[in-house]
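First residue of the sequence shown? That's 1 in full-length UniProt numbering, and the numbers climb one at a time after it.
All C-beta atoms, glycine included, are put in the ideal place defined by N, C-alpha and C.
The structure under discussion appears below in the form of structure tokens.
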Amino acid sequence: MTYVVTDNCIKCKYMDCIEVCPVDCFYEGENMLVIHPDECIDCGVCEPECPADAIKPDTEPGLDKWLQINTEYADKWPNITAKKEPPADAKQFDGVDGKFEKYFSAEPGEGD
């Protein structure tokens, strides 16, 4: 088992999860974060820290797509170990349907 970041992170990109991760397994895209599944130790401390409820265990049904996305982009995006401010409009995008299709960016973020 590992944890994955799902579509509600897109354009919310809260970073509370980064502060509690003991192994620094988060990677930053332009408008979301992902977890590297090979680095995640399945401790689960990040899940309750996410204000957008975007982090889930990969054992939940229907998360195969998100495991693939997290795996792919964790290898492409820079590692991030320090919390930054979320986008100014993050609250407006929390809970919006269809965020992956409408807003996902494959571009990397800044990282540390």
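Rounded separation between residue i and residue j - CA only
i, j, result
"Phe26", "Pro57", "15 Å"
"Trp66", "Thr6", "6 Å"
"Val45", "Ala52", "15 Å"
"Ile41", "Lys91", "29 Å"
"Gln68", "Asp112", "24 Å"
"Glu39", "Pro86", "24 Å"
"Lys99", "Asn8", "7 Å"
"Ala54", "Asp64", "15 Å"
"Thr59", "Gly95", "22 Å"
"Glu101", "Ile80", "25 Å"
Sequence-distant residues of the same chain with beta carbon closer than 6 Å to residue i, five excluded per side
i, result
"Thr71", "Pro37"
"Met15", "Lys83, Lys84"
"Phe93", "Lys11, Cys12"
Exposed unless 16 or more other CB atoms sit within 10 angstroms - verdict on residue i
i, result
"Ala106", "exposed"
"Met1", "exposed"
"Ala88", "exposed"
"Val23", "exposed"
"Cys17", "buried"
Identity of the residues DSSP links to residue i by a beta bridge
i, result
"Phe26", "Ile35"
"Tyr73", "Bridge partners of Tyr73: none, in fact."
Own chain residues within Cβ distance below 7 Å of residue i, not counting five before or after
i, result
"Val20", "Val45, Cys46, Glu49"
"Asn31", "Ile10, Lys11, Lys13, Tyr103, Ser105"
"Cys43", "Pro22"
Nearest-angstrom beta carbon gap, residue j and residue i [assumed within contact, 8 Å]
i, j, result
"Ile35", "Ala74", "7 Å"
Sequence-distant residues of its chain with Cβ nearer than 8 Å to residue i (five each side left out)
i, result
"Pro108", "Glu28, Gly29, Glu30, Lys76, Trp77, Pro78"
Any C-beta of chain B under 8 Å from that of residue i
i, result
"Glu49", "Of the chains in the structure shown, none is chain B; there is only one protein chain."
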